[in-house]
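Number of protein chains: 2
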Amino acid sequence: MEMDERKATILQAIIRNYLETGEPVGSRTISKYTDLNLSSATIRNEMADLEEMGYIIQPHTSAGRIPSDKGYRFYVDTMMEAKDREISEMKKVLIERQDKLEDMLKGVVKLLARDTQYASLITAPSISMNKLKFVQLSRIDDEHLLAVIVKEGNVIRNKVIETIEPLSEETILKLNLMLNTQLSGMSMDEISLSMITGLKVQAGSHSSVIADVIDAVAEAISAEEDLKVYTSGTNNILKYPELSDNSEKAGHLINTFEEKEGLEELMSTELSGDDGTGIQVYIGSENKVEGMEDCSVVTATYELGGGMKGTIGIVGPKRMDYDKVVGTLKSLKSGLDDLYKKDN
Amino acid sequence: MEMDERKATILQAIIRNYLETGEPVGSRTISKYTDLNLSSATIRNEMADLEEMGYIIQPHTSAGRIPSDKGYRFYVDTMMEAKDREISEMKKVLIERQDKLEDMLKGVVKLLARDTQYASLITAPSISMNKLKFVQLSRIDDEHLLAVIVKEGNVIRNKVIETIEPLSEETILKLNLMLNTQLSGMSMDEISLSMITGLKVQAGSHSSVIADVIDAVAEAISAEEDLKVYTSGTNNILKYPELSDNSEKAGHLINTFEEKEGLEELMSTELSGDDGTGIQVYIGSENKVEGMEDCSVVTATYELGGGMKGTIGIVGPKRMDYDKVVGTLKSLKSGLDDLYKKDN
DNA sequence: TGTTAGCACTCATTTAGTTAGAGTGCTAAC
DNA sequence: GTTAGCACTCTAACTAAATGAGTGCTAACA
């Protein structure tokens, strides 16, 4: 049995209808809905075939059909028509150009949640540059030293270091000079053990401070921590009976969003079937995050330039308005991408 | 009509029973539950009185009674016996002494949520000292300057400032010296306009940089931003039918927790009736945050020393195990308070 | 005067039974 | 290959009756 054009039309009609109503779709509905001019009986025959092929499912004997994961996948891959969506508010948010990246991300993800009515998330663009630009030590008081670590891309980290004995301004100046001549421009794997011991020897009695500083540098440089995830509209999960009827599952999902467990992986694994648009769709069990078997996830990768890539996406029920969501994500993605182009 | 001892005993029995079962409590139950040796008929008379006085409510004619807000309040104020609770895990979390305050707070709030099974939140200790310790300008590259602002209490803020023209190392050194001799030790309201203009004049051609730096200082010094709230266990809201049956309301609550709207106020308003334990209970409509009319909120103020006060608390249904919650909060509060004492 | 037994009454919840309707699969005719 | 027709299935909605917990009130009792 193979998929012919008529079967595809019928499948499309079933899915469209099911997305709209959420009710199983019967043969009579399709008979009227499509312009194939076929009677319900004929449709029934075709539907039996589609069920055999695994595209649709019958919840119980005397009900209509609903799409299976395979059915959704077919729809998304071949029949979806992404609606172009103008996010008018977006421009405001982006043009205001909040100087804190964090605020911008929060704004965008909030916008996405409001527009789609699905739980939304965004990852901060991850910095692939992990080189140290410079370190700046300053004396805070007799027991505390401040280490400011500036990475390539002007990402800044602070660390307060406790000192055993007070350090004079001159010593600090000397340490600063020493650290920067040796370390600046380095990435973590370039900083060898011998360099560290060398520095310690040079520092003499202050070697423990140097050790602490290098620890701080190492921590700051390893970029993992930067994979921060912001969420918005988690409460939308409750709007979809498929997800909220089982409050056990809904609670688990909400918890996942609050604790951000596993969301990084969700947002970072790239599906092989990426079609170049940067949009990816994961349907039901295609999704490997625990508790999301009944969800679909749609993500888009955006790029702020300089290799800074982040991901923005939504999590919703399998019965979701894919066309709208993909359209919205495309629009947001291009908005974010443009941000960089304009900037330069 | 006044509250005598017997009425109080009966009220207590009603509330205790209702907290356990969640079902309206009838006269017969009380007759057996208490050791007053009264028949159900007598209890009924007393219950009629209690209802007239506003301590209990009858959901419908032929049902038992449930406590009103006023009833809960009476219970909490005069009859509650906080169970002493040992949070064994807590020591681990606190002793590990995560060097980042943020991680510690997240750990504590997670613990609270796990222990109580209620939605939990914690505010970072707010720094009441808003004096500037020092400013440190560093050159990042030709167009960017880094301003590190250190406040009393060693709270640190960074700000990248764009410069119109490249600044030499000497200029930056000079600006640093100038800023610190003038500004260090100052609070915002001590920094007068004339001082600022004075600085600008001194800076000559670099006055715009000075303006930017002072803006950054002003922003950093105003402590508002420090009132960060961390949450955990929001999903517990779904565990309590009183809150989750109406998924509209539950969604709103979850949203409040995600966006942290209004939670700062919730955690910072101190009830007049504070009894010196630092524990506060808000029942139902006593609570002024939107959407929390059906909740009770219990908070505890902790102090990390040096005037750094924060608040930790839970939000749950009015029918909550007050004894347990208050016990847990007391335990956590004293754990946090001790943290500081040990430290010094 | 406070307490209790008894009784009629109320009302939410449960249970069972019925009905209505949507949809199917299959067969036979077109 | 398509369609009309029919028997069948199963859910959802509705109705009616039974259940039972709990009340308020009255009258009797100590």
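The listed protein sequences correspond, in order, to chains V and C. Letter 99 of the first sequence, counting from 1, is numbered 99 in the working numbering, and no numbers are missing. Letter 112 of the second sequence, counting from 1, is numbered 456 in the working numbering, and no numbers are missing. Glycine included, each C-beta is placed from N, C-alpha and C at the ideal position.
Q) Looking at chain C, which residues of the stretch 191 to 207 of chain V have a Cβ within less than 8 Å of any of its Cβ atoms? A) none
Q. Is there contact between the stretch 311 to 323 of chain V and the stretch 15 to 31 of chain V, where contact requires at least three CB pairs shorter than 8 Å?
A. yes
**Q.** Nonlocal neighbours in the same chain, by C-beta distance under 8 Å from residue 606 of chain C, ignoring five residues either side
**A.** Apart from sequence neighbours up to five positions away, the residues of its chain that approach residue 606 of chain C with a beta-carbon distance below 8 Å are 600, 633 and 634, ordered along the chain.
Q. Can residue 54 of chain V and residue 15 of chain V be called in contact, C-beta distance under 8 Å?
A. no
Q: Mind checking who residue 659 of chain C pairs with in its DSSP beta bridge?
A: C:463 and C:641
Q) Between the Cα of residue 157 of chain V and the Cα atoms of V:215, V:10, V:182 and V:103, which residue gives the shortest distance? A) V:215
Q) Can the beta-carbon of residue 608 of chain C be found closer than 8 Å to that of residue 571 of chain C? A) yes
Q. What span of residues does the beta strand (DSSP E) with residue 144 of chain V cover, start to end?
A. 144 to 151
Q) Considering only C-alpha positions, which residue in the set C:586, C:391 and C:492 is nearest to residue 409 of chain C? A) C:391
Q) Relative to the alpha-carbon of residue 151 of chain V, which residue among C:512, C:497 and C:483 has its alpha-carbon at the smallest distance? A) C:483
Q. What is the rounded straight-line gap between the Cα of residue 393 of chain C and the Cα of residue 629 of chain C?
A. 23 Å
Q. What is the DSSP secondary structure of residue 165 of chain V, counted as helix, strand or coil?
A. Three-state result, residue 165 of chain V: coil.
Q | Below-8 Å beta-carbon distance, residue 599 of chain C vs any chain V residue | A | Taking 8 Å as the CB threshold, residue 599 of chain C lines the interface with chain V.
Q. If you drop the 5 nearest sequence neighbours on each side, which residues of the same chain put their C-beta closer than 7 Å to that of residue 125 of chain V?
A. 304, 308, 309 and 310
Q | residue 95 of chain V to residue 330 of chain V span [Cα, whole Å] | A | Caution is warranted here: a pLDDT of 49 is assigned to residue 95 of chain V, below 50, making its placement in the model unreliable, and the coordinate value is therefore given only provisionally. If I take the Cα positions, the gap works out to 18 Å.
(Q) For residue 279 of chain V and residue 486 of chain C, I'd like the C-alpha separation in whole angstroms. (A) 38 Å
Q: Return the CA-CA distance between residue 352 of chain C and residue 641 of chain C, expressed in angstroms with no decimal places.
A: 24 Å
Q: Kindly list, in the order they appear in chain V, the residues whose Cβ is closer than 8 Å to that of residue 595 of chain C.
A: 235, 236, 238 and 239
**Q.** Same chain only: Cβ atoms within 6 Å of residue 85 of chain V, ignoring 5 sequence neighbours per side
**A.** 327, 328 and 331
**Q.** Within chain V, the residues that residue 500 of chain C reaches when beta carbons sit closer than 7 Å
**A.** 146 and 158
(Q) Tell me the rounded alpha-carbon separation between residue 335 of chain V and residue 267 of chain V. (A) 19 Å
Q) If you follow the beta strand (DSSP E) that residue 282 of chain V is part of, which residue opens it and which one closes it? A) 279 to 283
Q. Exposed or buried, what is residue 459 of chain C when buried is set at 16 or more other beta-carbons lying within 10 Å of its beta-carbon?
A. buried
Q.
Within 10 Å of its beta-carbon, does residue 292 of chain V have 16 or more other beta-carbons around it, so buried, or fewer, so exposed?
A. buried
Q.
Whole angstroms are fine: how far does the CA of residue 106 of chain V sit from the CA of residue 155 of chain V?
A. 19 Å
Q. In the structure shown, what three-state DSSP assignment does residue 631 of chain C receive?
A. coil
Q. Hey, quick one: how far does the beta strand (DSSP E) through residue 573 of chain C stretch, first residue to last?
A. Looking at the DSSP string, the run of the beta strand (DSSP E) that includes residue 573 of chain C is 573 to 576.
Q: Quick one: list the residues of chain C neighbouring residue 150 of chain V, beta-carbon separation under 7 Å, in chain order.
A: 484 and 490
Q: Can you give me the start and stop residues for the alpha helix (DSSP H) that residue 356 of chain C sits inside?
A: 349 to 365
Q. Comparing alpha-carbon positions, which option in V:45, V:325, V:80 and V:301 lies nearest residue 1 of chain V?
A. Of the listed residues, the one whose Cα sits closest to residue 1 of chain V is V:45.
Q.
Can you tell me whether residue 131 of chain V is helix, strand or coil according to DSSP?
A. Strand at residue 131 of chain V.
(Q) Restricting to Cα atoms, I'd like to know which of C:490, C:369, C:550 and C:374 is closest to residue 504 of chain C. (A) C:490
Q: Taking 8 Å as the threshold, find out whether the stretch 542 to 562 of chain C comes into contact with the stretch 505 to 514 of chain C through three or more Cβ pairs.
A: yes
(Q) Please state the DSSP three-state secondary structure of residue 430 of chain C. (A) coil
**Q.** Within chain C, the residues that residue 136 of chain V reaches when beta carbons sit closer than 9 Å
**A.** 480, 482, 490 and 492
Q: Could you tell me which residues DSSP pairs with residue 56 of chain V in its beta bridges?
A: V:67
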